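Take a look at the structure set out below.
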Amino acid sequence: MDDRVIVRICSKILTPFIMIFALYVQFHGDYSPGGGFQAGVIFAAAFILYALVYGLARALRVLPPVVPYICGALGLFIFAGTGFVTMALGGNYLDYDVLAHDPSHGQHYGILAIEFGVLVTVFGVMVGLFYAFAGRRRS
Amino acid sequence: MEALGLFNYWAVVILMMLGFYTLIARGNLVKKLIGLNIFQTSVFIMYISMGKVTGGTAPILIDGEGSVVYSNPLPHVLILTAIVVGVATLAVGLSLVVRIKEAYGTIEEDVIQDADK
Amino acid sequence: MIEHLPVLLVAIPLIAAPIAALLNHGGIAWGLALASAFWALFAAIGLVSQVGEGQVLSYELGGWAAPYGIEYRIDAVNAFVALIVAAIGSVTTIYARRSVAREVEKERLPLFYAAWILSMTGLLGITVTGDVFNVFVFLEISSLSAYALIAMGQDRRALVSAYQYLIMGSVGATFIVIGIGMMYAMTGTLNMADLAERLPPVMDQRTIPVAFAFLAVGFSLKLALFPLHLWLPNAYAFAPSAVTALLASTATKVAVYMMLRFFFTVFGAAFAFDQMQVDLVFLPLALVAIFSMSLVAIFQMNVKRMLAYSSVAQIGYIILGVSMASVTGLTAAIVHLFNHALIKGALFMALGGVFYRIGSVHIEAMRGLGRKMPWTMASFVLAGLSLIGVPLTVGFISKWYLISGALELGWWPVAVLVLITSLLAVVYIWRVVEAAYFKTFAGDDEPVQEAPLGLLLSTWGLVLANFYFGIDATFTTGIAGQAARMLLGGGTP
Amino acid sequence: MLRSLGLGAILYGFWLLLSGHYTPLLLGLGAASCILVVYIARRMDVVDEEGLPLQVGARFLVYLPWLLKEVFLSNVAMARTVLDPRLPIRPKLQRYPLPLETDLGRVIFGNSVTLTPGTVTTAIDGGTIEIHVLSGEDPDTTGGRMSRRVSWVEGR
Amino acid sequence: MSAEILMLLALAVPMLGAFGIAFTGDYPNLRETVTLVTSGVLLLIVGSLVPELLGGGRPQVTLIEMVPGISLMLEVEPLGMIFAGVAALLWPINSLYSIGYMRGNHEKKQTRFYVCFAVAIGSAMGVAFAGNLVTLFVFYEMLTLSTYPLVTHKGTESSMKAGRVYLGILISTSIGLFLLGILLTHALTGSVDFEQGGILEGHVEGPLVGLLLALFMFGIGKAAIMPVHRWLPAAMVAPTPVSALLHAVAVVKAGVFSVVKIVVYVFGIDFLAGQGGTGWLVYASGFTVLAASIVALRILMQQGNLKRMLAYSTVSQLSYVVLAAALFAPMAAAGAALHIVAHAFGKITLFFAAGSIHTAAHKDDIRQLRGVGRRMPWTMGAFTIGALSMIGLPPAGGFISKWYMMLGAFQAEHMVAVGILVASTLLNGAYFVPIIYMAFFQREEAAEPAYVGGGDDHHVDHDHGEAPLPIVIALTATAALTVLLFLFPGVPLALAQALVGGAP
Amino acid sequence: MFFVAALGVLVSMSLALVRAVIGPTVYDRVLGVNIFGTKMVLLIGVLGFLTERPEFLDLSLVYALINFIGTLAVLKFFEFRDLGHGAEPLGSGGE
Amino acid sequence: MEAVLDLLSWIFIVGGLFFMIVGTIGILRMPDVLSRLHPAGMTDTMGAGLLILGMCLQTTDWMVLVRLLFVYGFLLFTAPIASHALARAVVTASRRADTAGEGTGAS
Ligand code: NA
Ligand code: NA
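Protein chains in written order, with this note's numbering: chain A, 1 to 139; chain Z, 140 to 256; chain U, 257 to 749; chain S, 750 to 905; chain F, 906 to 1409; chain L, 1410 to 1504; chain D, 1505 to 1611.
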């Protein structure tokens, strides 16, 4: 019989809400730039909570270790790539105005893209780090 | 308000000292990192509590002349960027500590130094 | 295309780094590193050619104009530094392939090269940006990747060294960000040119000197000014050979550039030297660094460590030039940025060749190597002569300007000290020469081969550069002199 | 499947409450986010009668005010204890049988006990619960009433 | 061929020769041919520069502008011509001697030896033709570095130690003092050029002149003024041809040459004569002359190492040159220039003789020399001529140069200098004459225990004759040159007079 | 009003910090830090009101979350000396 | 109306601060970890609750209200879990120490 029933069930309930909160922070980030970072931290926190309660083995099954690695690099790629897209569209590097007909929409999309890059990187780094730590004793 | 500003100032200074002390005085590598992080956090608090950084304009949507423009989001970005950098530093530091622990079997600085003599 | 050059210099390596990490193949990752390094070199040459006559290039990132957005601003000073970084980056990347394949596990290669590219990106970014906070961001990008690179050294002490570097480097970066925050609080801008305009009216307030002090300490930590150099010797000694070559010849140089930029462009020489009298602190520290670290180098048995201490001493020379706050002194400092990069790059690369073959850089292990690895050791000796400051080498040019600067100011004892410490360099370089040429090989009878061609070619490339720019220094001293005048002219040109 | 849809709906409601901006872009992003989260939650295997206890929803809302009242009362009592110069406490660990059938019920009960100052759940082990009691009053009066109400919430 | 091209060739030929030697290293005969051909070609080149110079020409060529205002440039003037002539003349002879010596003694790493030798000669050419202080310094340092492997040639612990002393003193004085002097000159005058009459006039006054002079005099360690002379005795562990190179052909000559050149073309004789605070140089060099002679005398009395005694003799002889230059009198300066030549011929003869004895009999100490004159008449005959030149007696070239120096001392009315010259002549006689007497008139010591020293594993050979033929030819040639200088001092004298501004 | 609230919260935080510092057991410290954290959540909210930046409330939610997970992680670490310890064997969850 | 709201806010906030500070005083006064958990609970339940209630009365912004309630809901949900986890850890650790002690005592 599992004697950690309280923690187990409560985190079960909590996890989806944490994740949706992360995405809320993410997509409302353009009103307060930098949301991508918080979102990444929160999203990673949801995973870390899960791994803490259910054990690393199960967390690894849900999210294989290569995923955070890829995320880390992919985020940077999104960030730098957006700059190139704006440049390809005739603007300066990271000049979002050119991303849509209406400059303000362009800025909106640009910030969304950048922030998404940040989210992916931060998530990858945090989870990767947790894996690195939690996985040590076993190996 | 004045008093609070002053309080923040002292909180920053105390945190900074605390972090710096931990950083220097502790032999445990993880504690050093924690000290570093406290030290950096104190700086973020300083940024937040500095009137001109946050007091200017709130990063919300404001209406310009007919078209929607975004206000200066700078202070917010600065703090967040600094925090990201701090977290990344912590991440690299901790992963180093993990590997040090594997290589030396300890995370106490003096033991490590003895081991390499 | 050409108008995007300032940002492309940084952006292309920036996007190459994640690709290198994602593709997960060591060879491709190296190829990407090489491509980005050569790209940076190409772009840097383009930039240098555009700022030759004192022009300034400005590039605004994103939609926001200068005070809010980030501006990249290129003049003779940073174009030259970018050229140093890109050139050394290219040579060391060529060098890295064989050397790193030997010293770093295969699975880690993609990550290694991703960090390698990021490190270069950060350094290039610091040089081109005209935004003080952006400086901090790039500084941390380069530093964090440097910590990761150092930790990939074979010896477990590499880990501890990287950790110590991380702690001290982060403290330095935090000091810098404190200073930047204070300046922002006082002026409401992060743009260097704007700061230069808005600082003078508020300079009598207490915050600005405090900000200046924080920045000065932060930079001193990053550039390993004695006695804040403690992280450097071990970090250089235990990092993979190629990493040592890259960092030793670029990282501290860029930190010096950063300091020059803040002292001269942002605060202005008058504030830094007349009001804050930073030279009163820097001059003695530089002299102590030059003397004591050269002395310490003599007693090192690990040759890499020996050269690391020598680097701290050489940084002392650069700071000495800065403390003069005269055209000649600054020219000496800036030209030595370039020259020392050539010298130390060549020396560490030669040592990397030694490590490649015999797996050690202990002075006892290098006995008799002059015969076993003639080309490698010849390159070491020639670069060593340059370090000493023998005529026809770049080291001589640096010393010439440095001592001329000292004599112009009537700083007699300083000139003498610089010459005396050159002699200390003779001593520590000659210890290696004697071991390599006049003692018999200590190892088994196993034949020791010459280093691989790729290593040799890149090492010799730098060695020849040591002589080329030592014989015809008109280009380097010309641009350094222009940069010095520009910095002393106050503000941006 | 139904439970997944339910989770999605609840999450979307949560999103709408937080968002405050009801543009097509953000509504679309919200929907996409909910789908992503439900997908991950299913992968995590947390979408079940414990992870999304829709079955107790209504009864729990009835139980909550009573719980808050209990919490308020014991808070006041605890404040008195703390401020009493003699600090009249007699802490001890006690074990009680739990007349509850589901893990969810036990969790609700255990958390309610912890939430009321003066008692902290230290362990739930199948049919028994171990509670740390601060001032030796028999918690049975509270505990008894509470377990009955939780049993009702549990609805079995 | 124009003079400019000839000057460039004078530098390039030895360097190319070094490459040729390196490439032919596996074939000793071919290698030695390359050495001899190269040295012969160099002699031709240098010789063909003389007429232009005597015609009053001062050919110049700028190699490259290193930094704005400072170039690597070459210029031929009389003093440099004297030095270059001596070096170019002695190189082929020394090469011939080296072949005999190196083969006769089975020395190792001969290729490295010849390569470094060629580079050293090339550097000496650079020193001789240097058109400004920086160029002079460049080649001066090259000379130091290229001779270091020669000094440590044997690779033994003692030769390593000697190498460290050699390099330590030469580099530390050149970087610590010489370079500082150059930089100070540049800071004061904005120029580093050599000009007739000097460049300091009007830029510097008073004690600073003395200081600057000291920086140059002690900075040019190769001139071996006490106390920076120690490298020279230390370096005598090297093979004899190297000693010849050091003492006669290039190294110490480069030192005293630089001293004279700087006194004449940077300070200017008239300028120095009019300055206070520079008189000390006469006393410093005079002290060196006497002290080194006394040391040499002590070595004689202890029956010590012959080459070591010759080394101290060199220290003292070099200081003649410096002393003469320090008199700031035209006649003395001419004497100084002449003495560079005279001492070169005489001293190389002496070292050749010492090496000859070492090769033939493995004898290195003075006490072993009894009776050697009868077994090796050519060698000891040449030795005698060399010794006469050192003392300053006819029929050796040393007489001419000492004569001019004496005249200079009277011209400057410097009676102390006259005294020093007289006293040192007596001292020189006192340590050379007994050796000649021992060699020719004393009987050989019998059954002496094997002498182990100098890192040499040969046993003393008591039943020996003359040295190998190349050695004998070489030392006869240099002895002949010493006598010829006495008989026909025309060309060097003309050059020496041109140096001090007299009509050529 | 909010100024008083901020001051009060700060007083409470300092008291919690005292417990965290004096210990004596590691659990006392965890408790102290945890309480300090939950009070920080409130402080951020109050400061948001004080500076009229209500979006600080998002920040306090984030902080509350981190505080909670951090506490759990530390406790788990002290129990198992390993954050990856499996609370249940593979595949046993959610039957 | 506004004055009434202000008054209520003051009452709630002062009340919240009262429970909060008394709670932390309790944390300091109580003799052992488990006992300290009880007053700790006060700060998160009544302390935070009343404080947030007071703040709720001061806002007219629906979004702020929602967030304040979420913050409190989150605290109320997680505080007992954290307390329980801590208590459980303390009890488990002390039992472990006891059995270890008995083990050594018996041998
Ligand atoms: Na409770
Ligand atoms: Na003599």
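Glycine included, C-beta positions come from ideal geometry on N, C-alpha and C.
Predicted model, so just to flag it, every value in this text is computed and none were measured.
Length of the line joining the Cα atoms of residue i and residue j
i: Trp413 of chain U; j: Asn167 of chain Z; result: Here residue 413 of chain U is Arg; the residue named in the question, Trp, does not match the sequence. Cα to Cα, the separation comes out at about 16 Å.
i: Ser582 of chain U; j: Gln531 of chain U; result: 16 Å
i: Leu279 of chain U; j: Ala285 of chain U; result: 7 Å
i: Met1281 of chain F; j: Lys1059 of chain F; result: 26 Å
i: Val152 of chain Z; j: Val182 of chain Z; result: 9 Å
i: Leu816 of chain S; j: Ser900 of chain S; result: 14 Å
i: Pro605 of chain U; j: Phe482 of chain U; result: Note that residue 605 of chain U is Met in the sequence shown here, rather than Pro. One C-alpha to the other measures close to 25 Å.
i: Lys628 of chain U; j: Met1285 of chain F; result: 44 Å
i: Leu883 of chain S; j: Thr1596 of chain D; result: 19 Å
Residue range of the unbroken beta strand (DSSP E) whose run includes residue i
i: Val966 of chain F; result: Gln965 to Val972
is_contact[residue i, chain A] using C-beta, thresh 7 Å
i: Leu235 of chain Z; result: no
i: Gly755 of chain S; result: no
i: His1588 of chain D; result: yes
i: Val856 of chain S; result: yes
i: Val152 of chain Z; result: no
Secondary structure of residue i, DSSP reduced to three states
i: Glu1371 of chain F; result: coil
i: Arg844 of chain S; result: strand
i: Met978 of chain F; result: strand
i: Ile733 of chain S; result: With chain S represented from 750 up to 905, any question about residue 733 of chain S goes unanswered, as that position is not in the structure.
i: Glu937 of chain F; result: helix
Heavy atom of ligand 3 within 6 Å of residue i beta-carbon
i: Ala1155 of chain F; result: Looking at this structure, you won't find ligand 3 anywhere; what it does contain is ligand 1 and ligand 2.
Min CB distance residue i to chain Z below 7 Å
i: Pro274 of chain U; result: no
i: Ala134 of chain A; result: no
i: Phe79 of chain A; result: no
Cross-strand partners of residue i (DSSP beta bridge)
i: Ser314 of chain U; result: U:Arg329
i: Asp931 of chain F; result: DSSP output for Asp931 of chain F lists no bridge partner at all.
i: Asn558 of chain U; result: U:His618
i: Thr1052 of chain F; result: None; Thr1052 of chain F has no bridge partner.
i: Ala1035 of chain F; result: F:Leu979
i: Thr868 of chain S; result: S:Val882
Span of the alpha helix (DSSP H) around residue i
i: Lys600 of chain U; result: Val583 to Ile614
i: Thr430 of chain U; result: Arg413 to Thr443
i: Ser907 of chain F; result: First-last for Ser907 of chain F: undefined, no H or E at that position.
i: Ser678 of chain U; result: Trp668 to Phe694
Chain D within 7 Å of residue i, Cβ atoms only
i: Gly769 of chain S; result: yes
Min CB distance residue i to chain U below 7 Å
i: Gly36 of chain A; result: no
i: Arg165 of chain Z; result: no
Test: residue i CB closer than 7 Å to a CB of chain S
i: Ala62 of chain A; result: In the sequence under discussion, the amino acid at residue 62 of chain A is Val, which differs from the Ala named in the question. True, the Cβ-Cβ gap to chain S drops below 7 Å.
**Item:** Residues in the region 712-742 of chain U having any Cβ partner in chain C nearer than 9 Å
**Value:** The structure shown contains no chain C; its protein chains are A, Z, U, S, F, L and D.
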